Structures are given as C-alpha cells and as structure tokens.
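Per the UniProt record's numbering, the sequence shown starts with residue 1, numbered consecutively.
Scroll down for the structure; my scribbles are underneath it.
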Amino acid sequence: MAYYRQLGVVPPKRHTQHRGPEGNLYFEELMGEEGFSSDSSLLYHRNIPSAIVDATVWKLRDQSTTPNHPLKPRHLKLHDLFPASSWTQTDVVTGRRLILGNADVRISYVVAAAPSPLYRNSLGDEMVYIESGEAIVETVFGALRAREGDYVLLPMSTTHRWIPQGADPLRAYTIEGNSHIVPPKRYLSRFGQLLENAPFCERDLHGPTDPLLTEGTDVEVLVKHRAGGRIVGTRMVYPDHPFDVVGWDGCLYPYTFNIADYEPITGRVHQPPPAHQAFEGHNFVICNFVPRKVDYHPLSIPVPYYHSNVDSDEIMFYCGGDYEARKGSGIGQGSISIHPGGHAHGPQPGAYERSIGVEFFDELAVMVDTFRPLELGEGALACEDPGYAWTWAGRRPAS
Numbered sequence: 001m002a003y004y005r006q007l008g009v010v011p012p013k014r015h016t017q018h019r020g021p022e023g024n025l026y027f028e029e030l031m032g033e034e035g036f037s038s039d040s041s042l043l044y045h046r047n048i049p050s051a052i053v054d055a056t057v058w059k060l061r062d063q064s065t066t067p068n069h070p071l072k073p074r075h076l077k078l079h080d081l082f083p084a085s086s087w088t089q090t091d092v093v094t095g096r097r098l099i100l101g102n103a104d105v106r107i108s109y110v111v112a113a114a115p116s117p118l119y120r121n122s123l124g125d126e127m128v129y130i131e132s133g134e135a136i137v138e139t140v141f142g143a144l145r146a147r148e149g150d151y152v153l154l155p156m157s158t159t160h161r162w163i164p165q166g167a168d169p170l171r172a173y174t175i176e177g178n179s180h181i182v183p184p185k186r187y188l189s190r191f192g193q194l195l196e197n198a199p200f201c202e203r204d205l206h207g208p209t210d211p212l213l214t215e216g217t218d219v220e221v222l223v224k225h226r227a228g229g230r231i232v233g234t235r236m237v238y239p240d241h242p243f244d245v246v247g248w249d250g251c252l253y254p255y256t257f258n259i260a261d262y263e264p265i266t267g268r269v270h271q272p273p274p275a276h277q278a279f280e281g282h283n284f285v286i287c288n289f290v291p292r293k294v295d296y297h298p299l300s301i302p303v304p305y306y307h308s309n310v311d312s313d314e315i316m317f318y319c320g321g322d323y324e325a326r327k328g329s330g331i332g333q334g335s336i337s338i339h340p341g342g343h344a345h346g347p348q349p350g351a352y353e354r355s356i357g358v359e360f361f362d363e364l365a366v367m368v369d370t371f372r373p374l375e376l377g378e379g380a381l382a383c384e385d386p387g388y389a390w391t392w393a394g395r396r397p398a399s
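If you want it as structure tokens, here you go:
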C-alpha cells in the first residue's frame, strides 16, 4: 500500500505493552509481506491470534485445469454458470468456480446471495471485481462496503467473510494471485506514493474506517493453502472469534477501488494495453477499459490494431457498455474472451472500418494478461461458446 493508516487504539510506541481498560494485556500481531522486508501492519488482539482447537480438511471445489490445446481463441459465457435457483445457496468463497489458472494466478466467477464462511487465502492476494450487486466484507481490519464496479483488494492471509446486501445477488469476478497485487511500479515514487501521472490516487482507495469486534467461541475459518504441490483447504477452529482487533496501524490492509475512479489515458492514435493498466502481480497484470474519448488524429482507427501475443495470454472480462472491437462475435455482458499467446487477434470483421470517425467508446471491461499460458478450469469448460474461434473467418472448419 502507498500510505499509512491507523484505526482504533494503539500504543504510542510499537512492541510495547498495550492494555485494556481493566488492565488486560492485548496481543500484538505483525502482519507483513516478504518476511520483515516490505509493507506491514501491527494488529492488537484481545485474544491470542495463534490459538486453535481443531484442524480438519476442507475439500475445495474442482481446481483441476485443462491445457488450451489445440490452441485457439475462446469465448466463455459466465452468466450461464449459475442459474437463479442456485443463488440463495451459493456464497462468494465456497461457491466460486474456477475459470482459468496457471502457476501465477487463478480466475474464478460466482453469483451469490448467501453469506460466506470466514475465509483466509494464504497463497497470495485476492482482487475481487464486483460486476453487480453489493456486499459488506467483514475483515480482521474492519468492514468494507463493496458495490458495483468496485475492486476489493484482500491482502494474503486476511481473515474475512462476504455478506451480500440488497435484493440482487452479488456477481463477483475473482483474481487470486500467488503473489501480492499492487499498483504498477511506474506509477509509484521511490517511497511508494502514487505519482501525478498515475490514473488514480490514494483518495480513490477506501479502507476500513472502524475496528470490527465480534464475540464468538469455537469459530471456523476456511484456509486455502498449498500442500504437496497442490492447492488444498483446511478448516481451522479458533477458541475465540478472530475479529477481536481493538486497533491497528500500518501500510498493509484491505481496500476498495471503484473502476469509475480510474482516469483513462488517451492519445492522438490508439494507445497500447499498458496505458490501461491498474494493478500487477507476479507474471500478470490487471487493466481497465473504461468509457473514454478515443483517438483524435484525423486519420486514426480507434479500435485496436491486430496484434500477436508473443509473451502473454490476454483475458478480457466484459462488464458493461458496448465493446466496439467485438461486435458480431456474440460477446456481451458477462463474457470472457481468451486470446492466447501464439495467435494474432484483433477486431471482428467490419469493426476496423466502422470505428473510423468514432469519438467515444462506451465500454467497460477488466483485462488480465498473463506471462505464462492459462489453462481452462471446469467453469470454462461448462460455458464455452464453441463457434467463437471461427468468427473472423466467417465459417467453421471443414473437418
């Protein structure tokens, strides 16, 4: 994180005695990244944070993946994965279905109306994009309000749970890294402040505002971790509720960032995808394509030029608006396009010409580019449009 915050009551000097009104000693926990060498926060618990009374296996949903072979572009219809009859029994944690994954990142999707159990991902940060709906995200740092268009950044090993709000279900697109997810280095000063050329600033990042104190005994927390080279789950039971933090301070905490606060970078001619970048993890980036004025050179062609992904797979999640380059392909709200490394891609037939003279694109999409090939999860195999790969040619293969 780029800046320091303090919530609740903390002592004037770190690593010193901190006592409650009745003289009881609070237990200090350092939550830090990269050992003791990067961002961290100090949390003060009423109870010992490492105390557990049971640990059993939590069986995860299918985490297996299938290579994209034979190599081809693909179109996935995520809205087909969760019928309305399933929403009230589905939560954001246990209900998410794996769409794509590799050794660096996993992308899942879920439509949920039920509260989730307490959960902690010890593999890496999670960035959850809210396609629609609202939720309260209760965390050990405090509560966040999440709404349509929000990214919710949950640092690795943050205990939290999702509570959907309102009449509509929560549609959540989850990006789970095996690393930390941060703003691009080129937008940060050497001290970590977002620079003037960044498309957003610290005012756009919204963390918890108050500590969250919850009573409870024998409380279950689902933990996602790695064992034997596989992603597995453990159900831990704590004697006291983990939401017992009376205060904390530091530069590591969960926050929300709404895509409407992203200020697009435009130019006289078409800007390459790095101009749309918002975040990055190890071997992957996250980009925003938002409503914006487009290229204003008198001879410009506003839609993307055809390009080969030499080093990366390009994954686009279409969240709203009217994506000019994909007209005629069948892609719409809730779609994912997969354009893999090793194959040139670009606008659909006719879009190149139609875009000439267009001054504004009303589109909303979240893009993930990875630098290792992505494989298909069970969710992708369940919602693929089999005809997408042939839409540039206008016909299916003869065989």
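Glycine included, every Cβ here is placed at the ideal spot set by N, Cα and C.
All figures in this text were calculated on a predicted structure; none of them were measured in a lab.
Residue i in three-state terms, based on DSSP
{"i": "GLU22", "result": "coil"}
{"i": "GLY330", "result": "coil"}
{"i": "PRO239", "result": "strand"}
{"i": "ASP54", "result": "strand"}
{"i": "THR88", "result": "helix"}
{"i": "GLY379", "result": "helix"}
{"i": "ASP313", "result": "strand"}
{"i": "TRP248", "result": "strand"}
{"i": "LYS293", "result": "strand"}
{"i": "ASP369", "result": "strand"}
{"i": "residue 436", "result": "As shown, the chain starts at 1 and ends at 399. That puts residue 436 outside it, with no answer to give."}
{"i": "GLU202", "result": "helix"}
{"i": "LYS59", "result": "coil"}
{"i": "ALA260", "result": "helix"}
{"i": "GLU33", "result": "coil"}
{"i": "TYR323", "result": "coil"}
{"i": "ASP125", "result": "coil"}
{"i": "ALA227", "result": "strand"}
{"i": "ASP80", "result": "helix"}
{"i": "ARG5", "result": "strand"}
Residues that residue i bridges to, as DSSP identifies them
{"i": "PRO164", "result": "ALA135"}
{"i": "LEU98", "result": "SER108"}
{"i": "TYR255", "result": "LEU153"}
{"i": "ILE130", "result": "ALA172"}
{"i": "ASN288", "result": "VAL366"}
{"i": "TYR318", "result": "ALA365"}
{"i": "THR65", "result": "GLY377"}
Contacts around residue i, its chain only, beta-carbon distance under 6 angstroms, and the 5 residues preceding and following it disregarded
{"i": "HIS18", "result": "PRO11, TYR26, TYR44"}
{"i": "TYR129", "result": "TYR151, TYR173, VAL366"}
{"i": "GLY149", "result": "ASN258, ILE259, ALA260"}
{"i": "residue 412", "result": "No statement about residue 412 is possible, as the shown extent of the chain runs from 1 to 399 and does not include it."}
{"i": "PRO155", "result": "ASP125, LEU252"}
{"i": "LEU374", "result": "LEU100, ASN102, ASP313"}
Pair within 9 angstroms by beta-carbon distance, residue i and residue j
{"i": "ALA143", "j": "GLN165", "result": "no"}
{"i": "ILE331", "j": "HIS79", "result": "no"}
{"i": "VAL140", "j": "ALA112", "result": "no"}
{"i": "SER335", "j": "LYS77", "result": "yes"}
{"i": "LEU54", "j": "ARG235", "result": "A small fix is needed here, since residue 54 is Asp in this sequence, not Leu. Their beta carbons are under 9 angstroms apart, which means ASP54 touches ARG235 by this criterion."}
{"i": "HIS339", "j": "ILE315", "result": "yes"}
{"i": "SER108", "j": "ARG96", "result": "yes"}
Neighbourhood of residue i by C-beta, 8 angstroms cutoff - its chain only, sequence neighbours within 5 removed
{"i": "VAL246", "result": "GLY8, VAL9, GLY20, TYR26, TYR44, HIS45, ARG46, PRO211, LEU213"}
{"i": "ARG292", "result": "PRO264, THR266, PHE360, PHE361"}
{"i": "PRO273", "result": "CYS287, GLU314, MET367, ASP369"}
CB contact check: residue i to chain D, cutoff 9 angstroms
{"i": "HIS343", "result": "Protein chain content of the structure displayed is limited to a single chain, and chain D is not contained in it."}
Residue i CB to nearest heavy atom of the ligand FMN below 8 angstroms
{"i": "THR234", "result": "With respect to the ligand FMN, the structure shown offers nothing to examine, as it has no ligands at all."}
Close beta carbons around residue i, own chain, < 7 angstroms, minus the five adjacent residues each side
{"i": "ASP295", "result": "GLY267, ARG268, VAL269, HIS270, PRO302"}
{"i": "PRO239", "result": "ALA51, VAL53, THR217, ASP218"}
{"i": "ARG145", "result": "ILE136"}
{"i": "GLY23", "result": "none"}
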